[in-house]
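There are 2 protein chains.
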Amino acid sequence: MDRPEVPELAPPDRTLMGPGPSDVHPRVLRAMATPLVGHLDPAFVEIMDETQELLRYAFRTDNEWTIPVSGTGSASMEAAIGNVVEPGETMLVPTNGYFGGRMAEMARRAGGEVVEVDAPWGEPLNPADVADAFDEYQPDVFGFVHAETSTGVRQPDVPELTGIAHDHDAVVIADCVTSLGGVELRVDEWDIDVAYAGPQKCLSCPPGASPLTLSDDAMEKVLSREAPPRSWYLDLSLLEGYWGDERAYHHTAPVTNVYALREALRLVAEEGIERRWERHRETAGALKAGVEAMGVGLEPDDEYWLPSLNAVSVPDGVDDAAVIDDLLDGYDLEIASGLGDLAGEILRVGCMGHSARPANVSLLVSALGTALRDRGADVDVAAGAETVAERL
Amino acid sequence: MDRPEVPELAPPDRTLMGPGPSDVHPRVLRAMATPLVGHLDPAFVEIMDETQELLRYAFRTDNEWTIPVSGTGSASMEAAIGNVVEPGETMLVPTNGYFGGRMAEMARRAGGEVVEVDAPWGEPLNPADVADAFDEYQPDVFGFVHAETSTGVRQPDVPELTGIAHDHDAVVIADCVTSLGGVELRVDEWDIDVAYAGPQKCLSCPPGASPLTLSDDAMEKVLSREAPPRSWYLDLSLLEGYWGDERAYHHTAPVTNVYALREALRLVAEEGIERRWERHRETAGALKAGVEAMGVGLEPDDEYWLPSLNAVSVPDGVDDAAVIDDLLDGYDLEIASGLGDLAGEILRVGCMGHSARPANVSLLVSALGTALRDRGADVDVAAGAETVAERL
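Residue numbers (this note's numbering), protein chains in the order written: chain G, 1 to 392; chain X, 1001 to 1392.
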């Protein structure tokens, strides 16, 4: 217990093209350096209102119940599942990626029964399979992952999925961690009851306050639970007192993270949400074209390609961990390995928010091509670089 | 869902002398503006190690299990209670303040039974009462509040309390939210098994990553639970994979909040923890003397006075809410009202971390005296100001 001698904070200057966090815009960093006001200050209440309004815009929803949860994306996920799923209820979850498995785990801890609808890792759910699962299990809650960060798959046919669930009076929870602010997402139009996200993906905001939205009907279910949810910290009926009209103290909000989220969402509003989706398609499209021009594959079909998270196939004989290390050591460039069923099979390359820029994509394709070549893959680095230059 | 027009972030410039957050040091604000690295980056792993080492220093512990929990103080509180208390176990909690009640609520949600040891709001626990409660209930877990933010009471006799608990083989959980970094606290020497805190009190760090420490024995209890804890997000057996040697992904750590906490703790180490406790006693002592010189009372006895949170008696006939508004509107100065049994009885004046400075104390005593006088109290503002000037 001697007095530790720890040097001044000086982390390396990385370019973040992994599954998140993404590069943070300088305006958001500056917002985080703003001196604090109290979490019950009238000035902060106004900042809360503005943040909620901006969040509704990004989610494409009029839901009154749209808030940042005081924690990282997994906290907004547990707030959704832990409040909506009541003990003894059944939740239907997908098996086509890491985050469906996490949904199952959270539902069980909430006291729920879990049933599954299957699809392979790297493919989306088929609506027919979802319909079959509903007929077989009659679940109370249906969770699906709109943008699977572990596989780079975007779930198409969302309105069809929510339609099936609502025909069976189930509540729909959508994991939008890697889609909010980067990939087309229309909570109201697509009839999603509950959606949660992380701030550190396509919003390019440091993690710590995480978006969550619930429809009035979903919130009514939460407020009329027989037993309280098993987490006090994430109890939405208590948070209602703070974020609602009453402004009652529940816990100390992460003031600085709300400042940051507000600024990140201002950038979304300034750009325009649809223009922002388009920018992600354009820049990630150049990334995809560049990788393919080098002779390297991208895993998912074009039909369910997820611009914000690109699953690059690891060429035969290449050590994926070595490539990741080469990029970090040689270029200060972060990407990530595959998870679960796709470990060793894919490299996960994010293209999110402020990271979805020509400079980042250009660096990524050249550096990745070079590293793959150096590690024994047969890739045409020049063709990749040229394709990116033409596209951007 | 029109594009919202939200102005640039420009909160008022407050002086924070409430129950937290406190004023944040410019170096900590600057750390929050640092660009991010990934939460699995080797550079971040080093930052995690340094933060843990600094936390151990502040807690006065060698506990390996010393981490920041990814959330505000209530998250570290729920991580402590939700992991240690197993379904069917009994937790003994105090009734002498708001936060004992919150302990009870969290223990119930964890599946525990709750029993109580009584003391009035505004007084500490009496060890004899704790011993009686142990004899009567034989609880598995004993929680107490070292620094009660709702009443301004510091619990003395901590080694006596932990001794009683250990004689009965109970695990001791201490709420140190408002003591860590400001008031004498010796986790190892006092034999506290589990302690949690908030960063936004005496550490003067923005909320969002909250200190928690567990002894090896307490962690062994957590790791040998029959059923997993009811929160996935706060499951310490899973967090062990991330903060331990394995560095496995659990959730995305709030990178920026860890940067901030590290910097706030560096300031603690530079000052020296014992010198820092002394500074709190000195500056809060001047505050206390100034308030008393004006003819206004401070609630708790000197014996259990809590320097970081001063419970100023509301003079007869004075509207406490009006005084609070006057200070905010007229001086950009934040203090807070009483809670629960002490609502309307006390004003809560913090003196924490970077707020525990002569300039803040001087402003506080003069402004508070003036506001009380303007609202009808018989106070000697000049005597208060003079006393503060002499003491500081």
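Just so you know, even glycine gets a beta-carbon here, dropped at the ideal spot from N, CA and C. Owing to the predicted nature of the structure, the values given are computational and were not obtained by experimental measurement.
Query	Result
Of the listed residues X/Ala1356, X/Leu1364, X/Tyr1242 and X/Asp1157, nearest to X/Leu1125 (C-alpha basis)	X/Asp1157
Three-pair Cβ contact test at 8 Å for the stretch 1347-1362 of chain X versus the stretch 1278-1285 of chain X	yes
Where X/Pro1007 falls, given that 16 or more other Cβ within 10 Å makes a residue buried	exposed
Min CB distance X/Trp1232 to chain G below 7 Å	yes
Validate contact between the stretch 73-89 of chain G and the stretch 1222-1236 of chain X using beta carbons, cut 8 Å, 3 pairs	yes
Best match in X/Thr1066, X/Leu1055 and X/Arg1003 for proximity to X/Glu1240 [C-alpha to C-alpha]	X/Thr1066
Counterpart residues of X/Arg1348 in DSSP-defined beta bridges	X/Ala1311 and X/Ala1336
Residue range of the alpha helix (DSSP H) that includes X/Pro1026	Pro1026 to Met1032
Members of the stretch 192-226 of chain G near chain X, C-beta cut-off 7 Å	Gly198, Gln200, Pro206, Pro207 and Gly208
Length of the line joining the Cα atoms of X/Glu1116 and X/Tyr1098	13 Å
Straight-line Cα distance separating G/Asp332 from G/Ile324	10 Å
Range covered by the alpha helix (DSSP H) that runs through X/Ile1081	Gly1073 to Val1084
Cβ-based contacts, 8 Å cut-off: residues of the stretch 48-67 of chain G near chain X	Glu50, Glu53, Leu54, Arg56, Tyr57, Arg60, Thr61 and Asp62
Rounded straight-line distance, which links the Cα of G/Ser210 to that of X/Pro1206	16 Å
Positions along the stretch 67-83 of chain G whose CB lies within less than 7 Å of some CB in chain X	Ser70, Gly71, Thr72, Gly73, Ser74, Ala75 and Glu78
Chain-ordered residues of the stretch 1250-1267 of chain X with a beta carbon less than 9 Å from chain G	His1250, His1251, Thr1252, Ala1253, Pro1254, Val1255, Thr1256, Asn1257, Tyr1259, Ala1260, Arg1262, Glu1263, Leu1265 and Arg1266
CB contact flag (G/Ala170, G/Pro139, <7 Å)	yes
Interfacial residues, the stretch 12-41 of chain G to chain X, with Cβ spacing under 8 Å	Pro12, Asp13, Arg14, Leu16, Gly18, Gly20, Pro21, Asp23, Val24, Leu29, Arg30, Ala31, Met32, Ala33, Thr34, Pro35, Leu36, Val37, Gly38, His39, Leu40 and Asp41
Secondary structure of X/Thr1213, DSSP reduced to three states	strand
Touching by the beta-carbon criterion (3+ pairs, under 8 Å), the stretch 1026-1046 of chain X and the stretch 14-31 of chain G	yes
Inter-residue Cα distance where the pair is X/Glu1220 and X/Ser1237	10 Å
Residues that G/Glu105 contacts on chain X, provided the C-beta gap is smaller than 9 Å	Pro1228 and Trp1232
The ligand NAD heavy atom lying under 6 Å from the CB of X/Ser1074	The ligand NAD is absent from the structure shown, which contains no ligands of any kind.
G/Glu334 at chain X interface by Cβ criterion, 7 Å	yes
Contact with chain G by X/Val1145, beta-carbon distance below 7 Å	no
Under 7 Å from the C-beta of X/Pro1127: neighbouring residues of chain G	Result: empty, since nearest Cβ-Cβ is about 27 Å, beyond 7 Å.
Short CB-CB distance (under 7 Å) between G/Pro307 and chain X	no
Where G/Pro4 meets chain X, residues with beta-carbon distance less than 9 Å	Glu1050, Glu1053, Leu1054, Arg1056, Tyr1057, Leu1265, Arg1266 and Ala1269
For X/Pro1094, the residue or residues it bridges with in DSSP	X/Val1117
Interface partners of X/Leu1009 on chain G, CB under 7 Å	Ala31, Thr34, Tyr259, Arg262 and Glu263
Sub-7 Å separation of X/Gly1163 and X/Gly1073 beta-carbons	no
Under 8 Å from the C-beta of X/Ala1343: neighbouring residues of chain G	Simply none; closest approach about 12 Å.
Chain X contact residues for G/Ala43, given Cβ-Cβ distances below 7 Å	Pro1011 and Pro1012
Residues near G/Ser308 in its chain [Cβ-Cβ closer than 8 Å; skip 5 each side]	Ala147, Thr178, Ser179, Gly182, Val183, Lys201, Cys202, His280, Ala284, Gly350, Cys351, Met352 and Ala356
Length-filtered (4 minimum) alpha helix (DSSP H) runs lying within the stretch 164-238 of chain G	216-223
Inter-residue CB distance, G/Asn96 and G/Glu136 (contact presumed, cutoff 8 Å)	Not confirmed; about 18 Å, so no contact.
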